[in-house]
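Since the structure comes first, as structure tokens, the remarks are kept for the end.
There are 2 protein chains.
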Amino acid sequence: MQVHELPTPSLLVDLPAFDRNVATMAEAWPGDRLRPHVKAFKSTSVAKRLAAHGHHGFCCATVREVIGMAAAGLGADLLLANESLDLARLTPMVEEGRARITVAVDSEETIDAAVRAGIPEVLIDVDVGLPRCGCDPADAGRLADLARGQGLGVRGVMGYEGHLMREPGDTKADLVERSMALLNEAHAAVGGDIVSGGGTGTWDVNSWITELQAGSYCLMDTEYTPHAKAFENALAVWTTVISTSAKGWGVLDAGLKAFGMDHGDPTVIEVGDCWFVSDEHITFGIAEGASVAVGDRVRVLPAHVDPTVSQHERMYVVDGDEVVDVWNVDLRGW
Amino acid sequence: MQVHELPTPSLLVDLPAFDRNVATMAEAWPGDRLRPHVKAFKSTSVAKRLAAHGHHGFCCATVREVIGMAAAGLGADLLLANESLDLARLTPMVEEGRARITVAVDSEETIDAAVRAGIPEVLIDVDVGLPRCGCDPADAGRLADLARGQGLGVRGVMGYEGHLMREPGDTKADLVERSMALLNEAHAAVGGDIVSGGGTGTWDVNSWITELQAGSYCLMDTEYTPHAKAFENALAVWTTVISTSAKGWGVLDAGLKAFGMDHGDPTVIEVGDCWFVSDEHITFGIAEGASVAVGDRVRVLPAHVDPTVSQHERMYVVDGDEVVDVWNVDLRGW
Numbered sequence: 009m010q011v012h013e014l015p016t017p018s019l020l021v022d023l024p025a026f027d028r029n030v031a032t033m034a035e036a037w038p039g040d041r042l043r044p045h046v047k048a049f050k051s052t053s054v055a056k057r058l059a060a061h062g063h064h065g066f067c068c069a070t071v072r073e074v075i076g077m078a079a080a081g082l083g084a085d086l087l088l089a090n091e092s093l094d095l096a097r098l099t100p101m102v103e104e105g106r107a108r109i110t111v112a113v114d115s116e117e118t119i120d121a122a123v124r125a126g127i128p129e130v131l132i133d134v135d136v137g138l139p140r141c142g143c144d145p146a147d148a149g150r151l152a153d154l155a156r157g158q159g160l161g162v163r164g165v166m167g168y169e170g171h172l173m174r175e176p177g178d179t180k181a182d183l184v185e186r187s188m189a190l191l192n193e194a195h196a197a198v199g200g201d202i203v204s205g206g207g208t209g210t211w212d213v214n215s216w217i218t219e220l221q222a223g224s225y226c227l228m229d230t231e232y233t234p235h236a237k238a239f240e241n242a243l244a245v246w247t248t249v250i251s252t253s254a255k256g257w258g259v260l261d262a263g264l265k266a267f268g269m270d271h272g273d274p275t276v277i278e279v280g281d282c283w284f285v286s287d288e289h290i291t292f293g294i295a296e297g298a299s300v301a302v303g304d305r306v307r308v309l310p311a312h313v314d315p316t317v318s319q320h321e322r323m324y325v326v327d328g329d330e331v332v333d334v335w336n337v338d339l340r341g342w
Numbered sequence: 009m010q011v012h013e014l015p016t017p018s019l020l021v022d023l024p025a026f027d028r029n030v031a032t033m034a035e036a037w038p039g040d041r042l043r044p045h046v047k048a049f050k051s052t053s054v055a056k057r058l059a060a061h062g063h064h065g066f067c068c069a070t071v072r073e074v075i076g077m078a079a080a081g082l083g084a085d086l087l088l089a090n091e092s093l094d095l096a097r098l099t100p101m102v103e104e105g106r107a108r109i110t111v112a113v114d115s116e117e118t119i120d121a122a123v124r125a126g127i128p129e130v131l132i133d134v135d136v137g138l139p140r141c142g143c144d145p146a147d148a149g150r151l152a153d154l155a156r157g158q159g160l161g162v163r164g165v166m167g168y169e170g171h172l173m174r175e176p177g178d179t180k181a182d183l184v185e186r187s188m189a190l191l192n193e194a195h196a197a198v199g200g201d202i203v204s205g206g207g208t209g210t211w212d213v214n215s216w217i218t219e220l221q222a223g224s225y226c227l228m229d230t231e232y233t234p235h236a237k238a239f240e241n242a243l244a245v246w247t248t249v250i251s252t253s254a255k256g257w258g259v260l261d262a263g264l265k266a267f268g269m270d271h272g273d274p275t276v277i278e279v280g281d282c283w284f285v286s287d288e289h290i291t292f293g294i295a296e297g298a299s300v301a302v303g304d305r306v307r308v309l310p311a312h313v314d315p316t317v318s319q320h321e322r323m324y325v326v327d328g329d330e331v332v333d334v335w336n337v338d339l340r341g342w
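In the order they appear, the protein sequences are chains A and B. All residue numbers for the first sequence refer to our numbering, where the first residue is 9 and numbers rise by one. All residue numbers for the second sequence refer to our numbering, where the first residue is 9 and numbers rise by one.
In structure tokens:
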């Protein structure tokens with residue numbers, strides 16, 4: 009099938025660009041040094057491709073992602089890198105031996121939830137400067153003792169320096185070092201083999217962890233690429249021009265329900281610039297000299313990969329104009 | 009089932025508020041004077057409730073919405089109030105007599121697409137000031153003639169004054185009158201019984217149309233309520249506090265994948281204010297004097313109803329603390 013035969017709106021993955029992104033990361037963070045974050049692509053098809061590159065441990069952000077990964081035979085080492093009090097749905101996965109499941113905990117309540125659900129192993133999640141989940145570094149040892157006292161295996165610590173992903177290059181490394189010092193202070197008190205952290209934006213400056221949690225690097229978006237220049241935009245939304253006006257604008261058949269909008273408008277490449285986005289439309293100003301006709305197909309680049317992918321049921325994988333595969337986005341929801 | 013037993017994140021509809029919204033609109037725009045827009049709620053369960061109130065014609069924004077409505081027995085009079093070149097999927101619905109389907113057209117290409125798909129009837133979509141779809145008012149008569157010449161029934165015109173929904177109250181009526189004068193100029197050239205337009209934001213000032221296209225009024229959101237004060241927020245996202253920090257913040261288990269973000273951050277009611285939203289988290293500042301503990305449930309109000317609903321598989325319908333129904337969001341995708 010050719011790309012022009014696809015329905016619109018639909019997600020396109022540029023396979024050569026995707027493969028280059030995966031190879032670049034795998035060279036720097038080979039095998040189990042990388043724990044890819046499935047929240048970025050929500051697809052067991054993508055995860056299988058990464059597993060074939062030697063990455064066998066994965067991060068998940070939701071219970072459903074963990075269940076879906078385990079059900080797809082990708083449960084060798086799944087980390088729910090997020091706090092949850094609703095872990096009972098994971099109990100069958102553990103009891104049936106379908107997955108090795110570790111969950112992040114940062115409080116007595118989340119430790120209790122892991123115990124109640126029969127989750128055998130945890131990481132102590134540490135606040136390393138991003139105001140989100142994670143305990144005070146000084147409290148990590150106490151929580152680890154508490155968890156071990158209740159029969160949990162404590163594999164180590166995790167801490168996400170998400171507030172530093174977009175720091176300028178000349179200050180990023182220093183700030184990451186200081187942030188990871190907090191994590192390693194906690195690790196000294198907690199013990200265990202794992203110090204898990206980082207992301208696509210700090211892949212080249214975070215040398216204080218045993219494993220990197222990165223997901224965006226596979227597909228990338230217009231907002232993130234300036235902060236991780238080794239990786240290319242491999243994701244686009246494929247659209248059709250459904251209307252044009254002699255006053256200088258055109259309209260595409262993809263809108264708020266096809267894009268994550270928290271990082272701003274998507275980018276209409278080649279034919280013009282995005283004016284505004286409605287539920288099922290992008291109105292764009294037709295570029296000087298561009299030829300735009302009703303029925304034309306246009307690639308649009310999202311500004312944020314994760315919440316864009318999660319709006320779609322599948323990704324069409326293209327190599328040039330050839331559609332070579334379909335990857336279902338099968339880990340949506342909660 | 010009680011609301012505290014529901015999984016999180018999930019969508020909650022406050023049934024008494026929903027019913028009040030529906031009754032308020034039905035009083036002003038009774039029966040077929042209202043053509044509810046299913047894009048706002050994407051649920052045949054909601055549409056059935058509106059049909060029970062006497063509204064038998066509906067607007068759709070996507071081909072899949074039309075197909076789903078027809079399949080659910082709600083095909084009495086479905087308007088695809090949007091341009092599409094991919095109408096062939098509707099052909100079986102027309103041939104099997106499962107629905108009366110009318111589509112919006114604003115160009116020779118979209119008329120051709122309707123003819124090719126065997127769609128029997130169209131509305132001429134007119135540019136009334138919103139830079140999006142719609143032909144020049146002066147071109148509407150020519151397009152109607154072209155459509156009729158190709159065997160299509162032309163039922164009238166539509167024009168959406170979306171650029172005026174948020175005008176201040178003292179100027180809105182005048183601007184809507186001027187905008188609708190363009191639509192009625194086109195209608196004089198086109199003929200037919202239908203002059204379709206408007207939305208929730210102009211429900212009380214647009215008296216120049218035969219039918220109102222409104223959908224948001226059923227559920228509403230924080231951004232829209234100031235512009236249509238007769239309607240209440242009936243939609244919330246139900247979340248759980250998964251982490252708290254002694255530094256003054258808490259974290260909820262709903263994020264970018266649970267909210268439409270184009271109108272800004274959601275509103276964390278009662279316990280604090282939203283600081284920022286991540287893929288699966290809201291970090292909020294805990295309000296002075298508020299008591300927040302891990303495990304607490306918190307209602308969060310979305311800023312934009314349409315792209316919030318479309319991220320969820322179902323809505324839980326609540327009356328007080330009782331869950332009285334579940335409405336599937338069964339019209340997602342394209």
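Here a beta-carbon is modelled for each residue, glycine too, at the ideal position from N, C-alpha and C. Nothing here was measured: the structure is a model prediction, and the numbers come from that model.
What residue does the alpha helix (DSSP H) around residue i start on, and which one ends it?
i, result
"valine 74 of chain B", "71-79"
"glutamate 103 of chain B", "99-103"
"valine 300 of chain B", "Run containing valine 300 of chain B: none; DSSP gives neither H nor E here."
"threonine 316 of chain B", "313-317"
"valine 7 of chain A", "This structure gives no information on residue 7 of chain A, because the portion of chain A shown stretches from 9 to 342."
"threonine 52 of chain A", "52-60"
Report the partner residues of residue i according to the DSSP bridge assignment.
i, result
"serine 251 of chain A", "A:Val259"
"tyrosine 324 of chain A", "A:Leu20, A:Val334"
"cysteine 67 of chain A", "A:His45, A:Leu87"
"glutamate 219 of chain A", "A:Ser204"
"glycine 280 of chain B", "B:Ile294"
"leucine 243 of chain B", "B:Val21"
"arginine 305 of chain B", "B:Thr248"
"glycine 30 of chain B", "The question names glycine, but residue 30 of chain B in the sequence shown is valine. DSSP output for valine 30 of chain B lists no bridge partner at all."
"serine 286 of chain B", "B:His289"
"glutamate 129 of chain A", "A:Thr110, A:Gly161"
List the residues of chain B that residue i touches, going by C-beta distances under 8 Å, in chain order.
i, result
"lysine 47 of chain A", "Asp287, Glu288"
"aspartate 281 of chain A", "Those do not exist, as aspartate 281 of chain A stays about 13 Å from chain B at its closest Cβ, beyond 8 Å."
"threonine 70 of chain A", "Glu288"
Output the boundary residues of the beta strand (DSSP E) element that contains residue i.
i, result
"methionine 9 of chain B", "Per DSSP, methionine 9 of chain B belongs to no beta strand (DSSP E) and is neither H nor E."
"alanine 121 of chain A", "Alanine 121 of chain A -> not in any beta strand (DSSP E); alpha helix (DSSP H) instead, spanning 116-125."
"threonine 233 of chain B", "Premise fails: threonine 233 of chain B is in no beta strand (DSSP E) and is neither H nor E."
"alanine 112 of chain B", "109-113"
Within its chain, find whatever has a CB closer than 6 Å to the CB of residue i; leave out the 5 residues flanking it on each side and keep chain order.
i, result
"glutamate 73 of chain B", "Val46, Leu339"
"valine 111 of chain B", "Leu88, Ala122, Ile127, Val130"
"aspartate 133 of chain A", "Ala112, Asp114, Cys141, Gly142, Met166"
"alanine 107 of chain B", "Ala78, Gly83, Leu86, Met101"
"histidine 271 of chain B", "Glu231, Ala311, His312"
"glycine 200 of chain A", "Val162, Arg163, Gly164"
"isoleucine 250 of chain A", "Val259, Asp261"
Using a Cβ-Cβ cutoff of less than 8 Å, which residues in the same chain neighbour residue i once the five nearest sequence positions on both sides are dropped?
i, result
"lysine 56 of chain B", "Ala80, Leu82"
"valine 331 of chain B", "Met9, Gln10, Val11, Glu13, Leu14, Tyr324, Val325"
Name the chain A residues whose beta carbon is nearer than 8 Å to that of residue i?
i, result
"methionine 4 of chain B", "Absent from the structure is residue 4 of chain B, since the part of chain B shown begins at 9 and ends at 342."
Starting from the C-beta of residue i, find all residues in its chain whose C-beta is less than 7 Å away, skip the five residues before and the five after it, and write them out in chain order.
i, result
"glutamine 155 of chain A", "In the sequence as presented, glutamine is not what sits at residue 155 of chain A; that position holds alanine. If we look at alanine 155 of chain A and ignore the five residues flanking it on each side, its Cβ neighbours are Val113, Ile119, Val130, Val162."
"arginine 97 of chain A", "Val71, Ile75"
"histidine 2 of chain B", "It is not possible to answer for residue 2 of chain B, since the shown part of chain B is limited to 9 through 342."
"leucine 138 of chain A", "Tyr168, Glu169, Gly170, His171"
For a contact meaning CB atoms closer than 7 Å, what does residue i contact in chain B?
i, result
"arginine 140 of chain A", "Val259, Ser286, His289, Thr291"
"serine 224 of chain A", "The contacting residues do not exist; serine 224 of chain A stays about 10 Å from chain B at best."
"serine 318 of chain A", "Lys265"
Strictly below 7 Å CB to CB, what residues from chain A border residue i?
i, result
"glycine 341 of chain B", "Glu321"
"asparagine 90 of chain B", "Glu288"
"glycine 303 of chain B", "Leu93, Glu117"
"aspartate 338 of chain B", "The contacting residues do not exist; aspartate 338 of chain B stays about 14 Å from chain A at best."
"aspartate 135 of chain B", "Ser253"
Note down, in chain order, every chain A residue with its Cβ under 9 Å from the Cβ of residue i.
i, result
"isoleucine 250 of chain B", "Asn90, Glu91, Ser92, Leu93, Asp114, Ser115, Glu117, Thr118, Cys141"
Taking C-beta pairs closer than 9 Å, name the residues in chain B that residue i reaches, listed in chain order.
i, result
"proline 17 of chain A", "Trp342"
3 or more residues per run - each beta strand (DSSP E) lying fully within the stretch 136-212 of chain A: Runs of the beta strand (DSSP E) inside the stretch 136-212 of chain A: 161-167, 202-205.
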